[in-house]
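If you read the sequence shown in my numbering, its first letter stands for residue 13, the second for the next number, and so on.
Glycine is no exception: its CB is placed at the ideal position from the N, C-alpha and C atoms.
All of these numbers come straight from a predicted model, not from anything done at the bench.
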Amino acid sequence: MIPPIPPPLHDSRIWTIPYARNPFFTGREHLLALLHERLSTARTAALIQSQALYGLGGIGKSQTAAEYAFRYGDDYAHMFWMRAATSETLAADFVTLAELLDLPEKDEQDQQRTVAAVKRWLAANEGWLLILDNADDLLIAQEFLPTSHKGYILFTTRAQATGAIAASVEVEQMNLQEGTLLLLRQAKLLDIDTPLEQAQYADRAAAERIVREMDGLPLALVQAGAYVEETGCSLDDYLRLYSTHRKDLLARRSNLLLDYPETVATTWSLSFQQVEQANPAASDLLCLCAFLAPDAIPEDLLTRGAAELGAVLGAATADPFKLNEALEVLRRYSLVRRDGSAHMLSIHRLVQTVLKESMNKETQRAWAERTVRAVNAAFPDADYSTGAMYQYYLQYFMPHIQECATLITQYHLHFPEAARLLFQAGAFLYAHGFYSQSQSLHELALAIRVQVFGSDQPDVAESLNVLALLARILGDYVQAEGFHRQALAIREKTLGPEHPATAISLNNLGVLYRVQGKYEQAEPLLQQALSIYELSLGSDHPDTLITFINLAKLYAEQRKYEQAEQLLQQTLATCERVLEPGHPHIALSLNLQARLSYEQGNYERAEALWKRSLTIIEKTLGAEHPATAEILNDLAELSFVQGRYTQAQSLCQRALSICENIFGPEHPDTIAYRKHLTRILSKREGEQDDG
Numbered sequence: 013m014i015p016p017i018p019p020p021l022h023d024s025r026i027w028t029i030p031y032a033r034n035p036f037f038t039g040r041e042h043l044l045a046l047l048h049e050r051l052s053t054a055r056t057a058a059l060i061q062s063q064a065l066y067g068l069g070g071i072g073k074s075q076t077a078a079e080y081a082f083r084y085g086d087d088y089a090h091m092f093w094m095r096a097a098t099s100e101t102l103a104a105d106f107v108t109l110a111e112l113l114d115l116p117e118k119d120e121q122d123q124q125r126t127v128a129a130v131k132r133w134l135a136a137n138e139g140w141l142l143i144l145d146n147a148d149d150l151l152i153a154q155e156f157l158p159t160s161h162k163g164y165i166l167f168t169t170r171a172q173a174t175g176a177i178a179a180s181v182e183v184e185q186m187n188l189q190e191g192t193l194l195l196l197r198q199a200k201l202l203d204i205d206t207p208l209e210q211a212q213y214a215d216r217a218a219a220e221r222i223v224r225e226m227d228g229l230p231l232a233l234v235q236a237g238a239y240v241e242e243t244g245c246s247l248d249d250y251l252r253l254y255s256t257h258r259k260d261l262l263a264r265r266s267n268l269l270l271d272y273p274e275t276v277a278t279t280w281s282l283s284f285q286q287v288e289q290a291n292p293a294a295s296d297l298l299c300l301c302a303f304l305a306p307d308a309i310p311e312d313l314l315t316r317g318a319a320e321l322g323a324v325l326g327a328a329t330a331d332p333f334k335l336n337e338a339l340e341v342l343r344r345y346s347l348v349r350r351d352g353s354a355h356m357l358s359i360h361r362l363v364q365t366v367l368k369e370s371m372n373k374e375t376q377r378a379w380a381e382r383t384v385r386a387v388n389a390a391f392p393d394a395d396y397s398t399g400a401m402y403q404y405y406l407q408y409f410m411p412h413i414q415e416c417a418t419l420i421t422q423y424h425l426h427f428p429e430a431a432r433l434l435f436q437a438g439a440f441l442y443a444h445g446f447y448s449q450s451q452s453l454h455e456l457a458l459a460i461r462v463q464v465f466g467s468d469q470p471d472v473a474e475s476l477n478v479l480a481l482l483a484r485i486l487g488d489y490v491q492a493e494g495f496h497r498q499a500l501a502i503r504e505k506t507l508g509p510e511h512p513a514t515a516i517s518l519n520n521l522g523v524l525y526r527v528q529g530k531y532e533q534a535e536p537l538l539q540q541a542l543s544i545y546e547l548s549l550g551s552d553h554p555d556t557l558i559t560f561i562n563l564a565k566l567y568a569e570q571r572k573y574e575q576a577e578q579l580l581q582q583t584l585a586t587c588e589r590v591l592e593p594g595h596p597h598i599a600l601s602l603n604l605q606a607r608l609s610y611e612q613g614n615y616e617r618a619e620a621l622w623k624r625s626l627t628i629i630e631k632t633l634g635a636e637h638p639a640t641a642e643i644l645n646d647l648a649e650l651s652f653v654q655g656r657y658t659q660a661q662s663l664c665q666r667a668l669s670i671c672e673n674i675f676g677p678e679h680p681d682t683i684a685y686r687k688h689l690t691r692i693l694s695k696r697e698g699e700q701d702d703g
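See below:
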């Protein structure tokens with residue numbers, strides 16, 4: 013016979029929240045308001061779905077649930093808190109609740125009978141809120157709940173998938189303002205009731221740096237604040253110490269944090285072990301993510317780099333079903349986030365830190381090398397096109413390549429694939445106007461190639477050639493000439509004087525001399541390059557065509573307009589016949605024809621040609637490319653001589669802005685455009701004075 017269910021307790025209210033209210037609780041206002049709306053006692057409890065606060069360990073799920081209980085506890089008849097990490101802790105807490113409810117089964121030897129009695133009580137009574145904390149396995153927690161009830165249920169869990177058990181609400185890392193406020197309060201550098209705006213400037217600035225370093229993880233900020241309070245060190249001191257003692261600080265347990273049983277390091281260690289036991293590929297995937305940039309990891313980076321990821325992870329990333337299985341395990345503990353529509357993964361920076369710090373140096377180096385090899389396999393040869401794919405690689409691959417560059421330097425990863433990745437990424441950045449970033453990658457690629465291949469090899473000449481181009485663009489003509497001559501000497505020695513690669517060096521050296529006005533030195537080099545190209549590649553090859561354009565530009569600058577015009581017309585006709593519409597070579601030809609028309613006073617034709625060229629350049633190289641700035645400046649010059657000063661000012665200002673952003677204030681082009689703008693502004697002011 014089932015014993016009768018006791019009536020609700022009217023003379024006392026049961027409250028089992030195991031924490032005192034946290035005086036330092038900060039932010040989460042939207043989250044708390046959302047929970048209150050969804051768990052409102054004004055709505056019929058039977059129609060309200062259970063809620064689950066989910067997120068990474070240390071993100072503040074339990075603290076948020078506790079704050080909700082303190083803030084809205086008066087809305088509920090009873091407030092129950094259960095430890096839901098295991099069935100054993102749940103059963104123990106249900107037995108305790110049976111005692112508090114004074115159920116007849118409270119002293120049963122068989123715990124299951126006691127648990128069943130509590131479930132019946134929950135089904136029969138209304139208005140209670142049950143918080144199931146650390147319910148990482150929701151199926152275990154569900155076994156302890158009645159199938160129907162008139163109360164309210166809130167889970168905290170690391171599991172991202174909650175199914176029909178509960179509606180999920182993600183607890184994310186704190187934003188910069190919330191995290192800074194929490195840290196300053198916890199460190200006792202700001203009173204609880206004092207707004208952030210009244211914090212000392214130096215304290216706030218240092219706190220913001222720590223928040224960024226901790227990626228807004230509340231537990232890490234609380235630990236940092238407690239350390240500062242306990243030791244009396246400054247926030248700047250903590251930052252310096254963190255740079256050398258990361259592992260120790262993240263694992264350090266504070267005597268002041270009684271409501272925080274785990275440290276940042278220990279809160280994830282069990283999860284790491286469970287992942288490894290459940291799915292070795294998931295464990296390897298987590299290790300790989302630890303060595304990539306934390307945000308927006310493309311899934312196709314994994315699939316295209318699968319062959320370099322080892323037998324276990326390689327097999328998983330090559331098979332979508334196995335990859336999903338691995339990600340399901342990682343999402344069970346919120347160790348990674350997945351944007352299924354964008355096919356992107358992300359990982360918290362501190363998860364990366366703790367995971368790497370748990371490895372010995374040999375394991376770290378092995379994963380660093382594996383990461384570099386995988387990213388290299390996934391990154392294509394430099395693509396000079398634009399549009400969606402250009403933006404995709406720039407936005408989603410470049411952060412990981414920059415991370416690989418750091419790994420290459422840190423772990424001395426000197427092998428051909430590392431050099432290839434750096435070179436191709438540098439070429440990609442060069443093509444799209446990111447010259448300083450390109451230069452740093454090419455310098456590292458050159459150092460590796462010299463070490464791997466020796467100093468007199470074609471690959472070394474290839475790197476020297478690009479570094480020479482970058483030096484010329486960035487205004488260092490002496491360095492550019494030195495690099496070009498080194499590259500030319502290597503190519504003539506190893507490939508021969510008639511090789512197309514030798515012609516590349518001759519052409520580029522000729523362009524360098526032309527830029528400096530050394531026309532007598534430039535012309536024979538360009539003619540020699542053209543002769544080699546025509547013999548080896550033919551007259552229709554893009555390299556041949558660009559040399560024709562460079563030679564025509566030389567003639568134009570020498571005011572040999574007839575020679576320049578004739579050469580350009582032939583070149584443009586060939587470009588339009590053999591190249592895709594919108595190819596940059598076509599734009600260069602149009603641009604030079606526009607210059608010739610302008611110099612000869614045909615302004616209408618010049619404007620039409622420059623506008624055609626600008627359309628192509630903006631589409632292929634982008635609106636912020638130096639080539640775009642050059643044409644804008646040309647159009648500004650044209651507008652100026654036609655008396656359209658307002659338009660000239662607008663065009664020149666845009667050109668100057670592009671150059672300042674890319675080259676800085678002291679680059680020759682920046683200085684030239686600034687002088688041009690000053691001349692335009694002076695003319696406008698003079699016109700206004702005359703008026």
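Could you work out which residue in Gly445, Leu476, Gln528, Ser448 is closest to Ile460 when comparing CA atoms only?
Selected option, being the one with the closest Cα: Leu476.
Lys162, enclosing beta strand (DSSP E) - first and last residue
In the DSSP annotation of this structure, the continuous segment of the beta strand (DSSP E) that includes Lys162 starts and ends at 162 to 169.
With a threshold of 8 Å, are at least 3 pairs of Cβ atoms found where one atom belongs to the stretch 318 to 325 and the other to the stretch 290 to 299?
Contact between the stretch 318 to 325 and the stretch 290 to 299 is established, with three or more Cβ pairs separated by less than 8 Å.
Neighbour flag for Asp351 against chain D, beta carbons, 8 Å:
No chain D is present in this structure, which holds just one protein chain.
By the 10 Å Cβ neighbour count, where 16 or more other Cβ atoms means buried, how is Asn187 classified, buried or exposed?
Result: exposed.
Three-state secondary structure assigned by DSSP to Leu357
Leu357: strand per DSSP, three-state reduction.
Proximity winner among Leu367, Asn673, Val523, relative to Ser295 (alpha-carbon distances):
Minimum Cα distance to Ser295 is reached at Leu367.
Please report the distance separating the alpha-carbon of Val240 from that of Gln210.
For Val240 and Gln210, the distance between alpha carbons rounds to 20 Å.
Should Met226 and Asp145 be called a contact, given that it needs their Cβ atoms to be closer than 8 Å?
No, the pair does not count as a contact, with Cβ atoms beyond the cut-off.
I'd like the list of long-range same chain contacts for Arg33, defined as Cβ closer than 6 Å, with 5 residues on each side in sequence excluded.
Its chain contains Phe82 as the residues whose beta carbon lies nearer than 6 Å to that of Arg33, once the 5 sequence neighbours on both sides are disregarded; these appear in chain order.
May I have the straight-line CA-CA distance separating Val490 from His496, to the nearest angstrom?
When the Cα atoms are used, Val490 and His496 turn out to be separated by approximately 10 Å.
How is the alpha helix (DSSP H) around Trp379 delimited, first residue to last?
373 to 390 is the extent of the alpha helix (DSSP H) around Trp379.
For Arg264, three-class secondary structure by DSSP
If DSSP states are grouped into helix, strand and coil, Arg264 belongs with coil.
Return helix, strand or coil for Glu138, following the three-state DSSP convention.
Residue state, collapsed to three classes: strand.
Compute the beta-carbon to beta-carbon distance between Ala147 and Ala96, rounded to the nearest angstrom, for a pair I have assumed lies under 8 Å.
Ala96 and Ala147 do touch by the CB rule: their CB atoms are close to 4 Å apart, below 8 Å.
Skipping 5 residues on each side, what residues in its chain have a beta carbon closer than 8 Å to that of Ile561?
Here the set comprises Leu580, Thr583, His597, Leu600, Ser601, Leu604.
When the Cα atoms are used, what is the spatial distance from Phe106 to Glu100?
Phe106 and Glu100 have their C-alpha atoms roughly 10 Å apart.
If you drop the 5 nearest sequence neighbours on each side, which residues of the same chain put their C-beta closer than 6 Å to that of Ile485?
Setting aside the 5 residues that flank it on each side, Ile485 is surrounded in the same chain by Tyr447, each with a C-beta closer than 6 Å to its C-beta; the list follows chain order.
List the whole-angstrom C-beta distance separating Arg343 from Gln212, where the pair is believed to meet the contact cut-off of C-beta under 8 Å.
Contact between Arg343 and Gln212 does not hold, since their C-beta atoms are separated by about 41 Å, which reaches or exceeds 8 Å.
Determine the closest residue to Val590 out of His553, Asn137, Cys416, with distance taken between C-alpha atoms.
Comparing Cα positions, the closest option is His553.
Examine the Cβ distances between the stretch 155 to 174 and the stretch 197 to 204 and report whether three or more of them are shorter than 8 Å.
Here the stretch 155 to 174 does not lie against the stretch 197 to 204, with fewer than 3 beta-carbon pairs under 8 Å apart.
Grab me the residues of Lys457's own chain with a C-beta within less than 6 Å of its C-beta, minus the 5 sequence neighbours each way, in chain order.
For the record, residue 457 in the displayed sequence is Ala; it is not Lys. Contacts found: Ala431, Leu434, Phe435, Ser475.
Distance, Leu347 Cα to Leu335 Cα
Linking Leu335 to Leu347 through their CA atoms gives a straight-line distance of about 15 Å.
Quick one, which of Gly445, Gln533, Ala564, Glu381 has its alpha-carbon nearest Pro428's?
Comparing Cα positions, the closest option is Glu381.
For Leu11, I'd like the list of residues in its chain whose CB is within less than 8 Å of its CB, leaving aside the five on either flank, ordered along the chain.
Lying outside 13 to 703, the shown extent of the chain, residue 11 is not represented and no answer is given.
Kindly indicate the opening and closing residues of the alpha helix (DSSP H) around His637.
If you look at His637, you'll find it isn't in any alpha helix (DSSP H); DSSP assigns it neither H nor E.
Looking only at its chain, what residues have a beta carbon closer than 7 Å to the beta carbon of Arg377, apart from the 5 residues adjacent to it on each side?
The answer, listed in chain order, is Tyr423.
Using a 10 Å radius around the Cβ and a threshold of 16 neighbouring Cβ atoms, would you call Val769 buried or exposed?
This structure gives no information on residue 769, because the portion of the chain shown stretches from 13 to 703.
Can you tell me where the alpha helix (DSSP H) with Trp622 in it begins and where it stops?
Unbroken alpha helix (DSSP H) run through Trp622: 615 to 632.
Run through DSSP, which three-state label would Met226 get?
Looking at Met226 - three-state DSSP - the assignment turns out to be coil, as it is neither helix nor strand.
Smallest Cα separation from Glu155: which of Gln285, Gly139, Glu138, Arg132?
Answer by Cα proximity: Arg132.
Would you mind stating whether Ile26 and Phe92 have Cβ atoms separated by less than 8 Å?
Yes, these two residues count as a Cβ contact at 8 Å.
Work out the CA separation of Arg170 and Leu68 for me, nearest whole Å.
Their Cα atoms are separated by approximately 6 Å.
Where Phe333 falls, given that 16 or more other Cβ within 10 Å makes a residue buried:
By the neighbour-count rule (16 or more Cβ atoms within 10 Å), Phe333 is not buried but exposed.
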